[in-house]
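Student: When you line the sequence shown up against our numbering, it's residues 530 to 1088, in that order.
Yeah, the Cβ is synthetic: ideal placement off N, Cα and C, and Gly gets one too.
Keep in mind that this is a model prediction, so the values were computed, not measured.
Take a look at the following structure, please.
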Amino acid sequence: MLLKTNIGKDFKKEELVFIPLGGVGEIGMNCYLYHFEDNWIMIDLGVTFKDEKVKNADLILPDIEYITKKKDKLKAIILTHAHEDHIGAMPYLYNRLNDVPIYTTAFTASVLKKKFLRTASKDKQINLFEYNKRLKIGPFDIEVVALTHSIPEPNALVIRTKKGNIFHTGDWKIDPKPLVGNAIDEMKIKQISNDGIHVMVCDSTNVFNEKPSGSENDVRESLKKIFAEKKNGKIIITCFASNIARLETIGFVAKKYNRTCVLVGRSLRKMYESALENNYLNDLDSFISEKDGKNLPDENIVLICTGSQGESRAALYKLVYGNNLNFEVNLNDLVIFSSREIPGNESQINDLKNKLLKIGCHFKDHKNSMVHVSGHPSKSELKKMYEWIKPDLIIPVHGEYQHLAEHAKFAVDSGISSSILVENGDVIVIDKQGQSKKIFSVQTGRKVLKGSRILPADKKVFSNTNTINTEGDLLVIIVLDKDDNILSDPLIFSQTFLDEDDKIEKEEIIDEINSHLNNDFTNFVNDSFIEDFLKKKIRSFTKKKFGIKPITNIKVIRV
């Protein structure tokens, strides 16, 4: 029996197939499909936050149309951990998947339930995994294995089938002292290799680093020194809201140096609540709200803020630019960027740092202090995992193409038999006899969350918006009578091309329009032809006169 794809190609019912719908050739938006015996499972359903083609998008989501057409055969969504790039699309896309069962661990379930409550009319049933116990989902034999990352309960999945066994890592690192959660169980992972792992689908984010990514304990020791030296003023730390290990570190050090942690940002508060619900951070003093902390002396405060990527709507940006009702930044304060820079965000982060320097306060980041360690494996950690798992084949995921290419090369140089470079939509047949290969690609892409609407990323409205942002817009109203007589000068409206004081420029455009209004319009079929004729003339004029071609709309009104 053959299964039809959405571009007319076929693969067999009994073939074990891997298809990434997101998370390959990019950082974020992780979404992976596995097929066997006419059944499907999905691993993760995340978002990304930046697309230069759609600069004003709220979130970028994977296009999952391929699997929605087969949703009656989708048996489960399995979530590896609670980072936004792995679960962030669930509240927006899950309702398109026929209430398919969700499987994850307790902490991730807690975070996800809060997301569903904000966007859905009813709570969703979430099934909880138990570590090191096997679960049958259709023809898939699934086992969840605990790893370490920057968030509680990050998991790898062992996917066993008659056609081959897969080790899907999720996000991970090797942290000998993770502080939150347990260290990687080396013995357990080595036992997995006894069954034979034919493919390892593996995180590539940190592949360009040679040395180990570092332990959260290293950050703790560094922050102790910084806190000890900082006697006066507030300490302001920005980090990813989901980095519970970092919150634990900050809380521990703050208590030691008589400072109270104040959470600034709604997403931080939600993550903190989920941590407490699952018995994380319970040994620390309570993190308090802005309202409760605003009257504390500066030398007794640590403000923990969202906005490490310089986002204009996040807590740190508002604080630095004076838009926080409870706190302000002054020259006695110290700001710590306890996170990595996601590629593409460098400019907006630097703008924020420049603003801090203008205020007169100092900042620290990973470039000048040990205030952050990566949650992803370096080359040394990847090599250890290869040795433990002993896969026949590596498929690099979760990284830009340069990361994937470097990972593929490194795997082979490290003794792995082979690797396959994939892009989103590629269909890979997995075969334990060493015949795994790409057979074709299915259609995939990006969707954009704009307000409450989910739209294709290539929708014309976004390209129009980009044009307006760079070249502006122009609305011209022409008032004629039924005999084509001009009843008044053209009316010009523009908020992105002309200001109110651009009187000379407006007069030049009006004179240009009037020169064409002297034409005989009797040969035009209707006013739409007049509008199109004038639009071309005006755009040509503005390009010649001002060097730009704004989006131009002409409206003829008859009176």
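Using the C-alpha atoms, what's the distance from N807 back to N711?
Tutor: In the sequence shown, the residue the question calls residue 711 occupies position 182. In the sequence shown, the residue the question calls residue 807 occupies position 278. Roughly 14 Å separates the two Cα atoms.
Student: Could you tell me which residues DSSP pairs with R663 in its beta bridges?
Tutor: Residue numbering aside, residue 663 sits at position 134 when the sequence shown is read from its first letter. Paired residue(s): E672.
Student: Going by the beta-carbon positions, is the gap between C834 and L848 smaller than 8 Å?
Tutor: Here residue 834 corresponds to residue number 305 of the sequence shown, with the count starting at 1. Here residue 848 corresponds to residue number 319 of the sequence shown, with the count starting at 1. The answer is yes: Cβ separation under 8 Å.
Student: Please look up how many angstroms separate the CB atoms of N656 and Y632, rounded, as I've assumed it's under 8 Å.
Tutor: For the purposes of this step, residue 656 is taken as the residue at position 127 of the sequence shown. For the purposes of this step, residue 632 is taken as the residue at position 103 of the sequence shown. N656 to Y632, Cβ: 5 Å. Contact.
Student: At 4 residues or longer, and completely inside the stretch 880 to 949: list those alpha helix (DSSP H) runs for me, N to C.
Tutor: List check, alpha helix (DSSP H) in window: 908 to 918 and 930 to 942.
Student: Here's the rule I'm using: 16 or more other beta-carbon atoms within 10 Å means buried, otherwise exposed. How should E555 be labelled?
Tutor: Position 26 of the sequence shown, counting from 1, holds the residue named residue 555. Looking at its Cβ environment, which holds 16 or more other Cβ atoms inside 10 Å, E555 is buried.
Student: Report the three-state DSSP secondary structure of R689 (helix, strand or coil).
Tutor: Here the question's residue 689 lines up with position 160 in the sequence shown. Residue state, collapsed to three classes: strand.
Student: Which residues mark the beginning and the end of the alpha helix (DSSP H) in which L622 is found?
Tutor: Residue 622 sits at position 93 when you count from the first residue of the sequence shown. Note, L622: alpha helix (DSSP H), M619 to L622.
Student: Which of helix, strand or coil does DSSP assign to T609?
Tutor: Start at 1 with the first residue of the sequence shown, and residue 609 comes out as number 80. Note: T609 maps to coil in three-state DSSP.
Student: Assuming L832 and F856 make a contact with CB atoms under 8 Å, what is their CB distance in whole Å?
Tutor: As a working mapping, residue 832 is identified with position 303 in the sequence shown. As a working mapping, residue 856 is identified with position 327 in the sequence shown. That pair is a contact at about 6 Å.
Student: For E758, is the classification buried or exposed, using 16 other Cβ atoms within 10 angstroms of its Cβ as the cut-off for buried?
Tutor: One-based indexing of the sequence shown puts residue 758 at position 229. Label assigned to E758: exposed.
Student: Can you grab the Cα-Cα spacing for the pair D942 / E952, in whole Å?
Tutor: Residue 942 sits at position 413 when you count from the first residue of the sequence shown. Residue 952 sits at position 423 when you count from the first residue of the sequence shown. Approximately 22 Å between the Cα atoms of the pair.
Student: Cβ of N855 versus every heavy atom of the ligand NAP: is any distance shorter than 7 Å?
Tutor: No copy of the ligand NAP appears in this structure; indeed no ligand is present at all.
Student: Of all the options W569, E870 and G551, which has the alpha carbon lying nearest to the alpha carbon of T973?
Tutor: Against the sequence shown, residue 973 aligns to sequence position 444. The shortest Cα separation from T973 among W569, E870 and G551 belongs to G551.
Student: So G822 is in the alpha helix (DSSP H); what residue range does that whole segment cover?
Tutor: Along the sequence shown, read from residue 1 onward, the residue named residue 822 stands at position 293. Taken as a continuous stretch (DSSP letters only), the alpha helix (DSSP H) holding G822 covers E819 to G822.
Student: State yes or no: is the C-beta of L588 within less than 8 Å of the C-beta of V576?
Tutor: Taking the first residue of the sequence shown as position 1, residue 588 is located at position 59. Taking the first residue of the sequence shown as position 1, residue 576 is located at position 47. The answer is yes: Cβ separation under 8 Å.
Student: For K706, which residues of its own chain have a beta-carbon under 6 Å away from its beta-carbon, when the five flanking residues on both sides are left out?
Tutor: Working through the sequence shown from its first residue, we reach residue 706 at position 177. For K706, where only same-chain residues beyond five positions count, the Cβ hits under 6 Å are S744 and N746.
Student: Give me the Cβ distance between K961 and K785, rounded to the nearest whole Å; I'm assuming they're in contact under 8 Å.
Tutor: As a first step, residue 961 must be located in the sequence shown, where it is residue number 432. As a first step, residue 785 must be located in the sequence shown, where it is residue number 256. Actually they do not touch by this definition, with Cβ atoms about 53 Å apart.
Student: So for H727, helix, strand or coil by DSSP?
Tutor: Indexing the sequence shown from 1 puts residue 727 at position 198. The answer is coil: DSSP assigns H727 none of H, G, I, E or B.
Student: Taking DSSP as the reference, what is the three-state secondary structure of Y563?
Tutor: Position 34 of the sequence shown, counted from the first residue, corresponds to residue 563. Here Y563 sits in strand by DSSP.
Student: By the 10 Å Cβ neighbour count, where 16 or more other Cβ atoms means buried, how is V1088 classified, buried or exposed?
Tutor: Residue numbering aside, residue 1088 sits at position 559 when the sequence shown is read from its first letter. So V1088 counts as exposed.
Student: Under 8 Å: do the stretch 907 to 920 and the stretch 880 to 887 share three or more Cβ pairs, one atom per stretch?
Tutor: Counting Cβ pairs under 8 Å, fewer than three are found: no touch.
Student: Leaving aside the five residues before and after L531 along the sequence, list all residues of the same chain whose C-beta is less than 8 Å from its C-beta, in chain order.
Tutor: As a first step, residue 531 must be located in the sequence shown, where it is residue number 2. Unreliable placement is indicated for L531, whose pLDDT of 42 sits below 50; no coordinate value is reported for it.
Student: Is the stretch 853 to 867 touching the stretch 754 to 770, taking contact as three or more C-beta pairs under 8 Å?
Tutor: The stretch 853 to 867, when compared against the stretch 754 to 770, does touch it at the 8 Å Cβ threshold.
Student: Is the stretch 588 to 597 touching the stretch 666 to 673 in the sense that three or more CB pairs, one from each, lie closer than 8 Å?
Tutor: With the cut-off at 8 Å, the stretch 666 to 673 and the stretch 588 to 597 do not touch.
Student: With C-beta atoms as the reference, is M571 less than 8 Å away from L545?
Tutor: Counted from its first residue, the sequence shown places residue 571 at position 42. Counted from its first residue, the sequence shown places residue 545 at position 16. No, they are not a contact pair.
Student: Please classify I726 as buried or exposed, where buried requires at least 16 other C-beta atoms within 10 Å of its C-beta.
Tutor: For the purposes of this step, residue 726 is taken as the residue at position 197 of the sequence shown. Under this definition I726 is a buried residue.
Student: Cβ atoms of E819 and V858: under 8 Å apart, would you say?
Tutor: By 1-based counting over the sequence shown, the position of residue 858 is 329. By 1-based counting over the sequence shown, the position of residue 819 is 290. Cβ distance not < 8 Å, so V858 and E819 don't count as in contact.
Student: What residue from I871, I1038 and N1055 has the CA that sits closest to D1013's CA?
Tutor: The residue given as residue 1013 occupies position 484 in the sequence shown. That would be N1055, whose Cα lies nearest to the Cα of D1013.
Student: Please determine, among R788, F1075 and K1065, the residue with the shortest C-alpha to C-alpha distance to E1037.
Tutor: To locate residue 1037, count along the sequence shown from 1; it is residue 508. Measuring from the Cα of E1037, the nearest candidate turns out to be F1075.
Student: Within 10 Å of its beta-carbon, does P681 have 16 or more other beta-carbons around it, so buried, or fewer, so exposed?
Tutor: Stepping through the sequence shown from its first residue, residue 681 is reached at position 152. Counting Cβ neighbours within 10 Å, P681 comes out buried, since at least 16 surround it.
Student: Please determine, among D601, R1068, K823 and T677, the residue with the shortest C-alpha to C-alpha distance to V902.
Tutor: Locating residue 902 in the sequence shown gives position 373, counting from the first residue. The option with the nearest alpha carbon to V902 is T677.
Student: Out of curiosity, what's the CA-to-CA distance linking D732 and I959?
Tutor: Looking up residue 732 in the sequence shown gives position 203. Looking up residue 959 in the sequence shown gives position 430. Cα to Cα, the separation comes out at about 18 Å.
Student: Please list, in chain order, all residues of the same chain as I888 whose beta carbon is under 6 Å from its beta carbon, the five residues on each side excluded.
Tutor: To locate residue 888, count along the sequence shown from 1; it is residue 359. So the qualifying residues of the chain are V858.
Student: From what residue to what residue does the beta strand (DSSP E) around N1082 run?
Tutor: Working through the sequence shown from its first residue, we reach residue 1082 at position 553. First-last of the beta strand (DSSP E) with N1082: I1080 to R1087.
Student: Could you tell me the boundaries of the alpha helix (DSSP H) in which D1056 lies?
Tutor: Stepping through the sequence shown from its first residue, residue 1056 is reached at position 527. Where D1056 is concerned, the enclosing alpha helix (DSSP H) stretches over D1056 to F1075.
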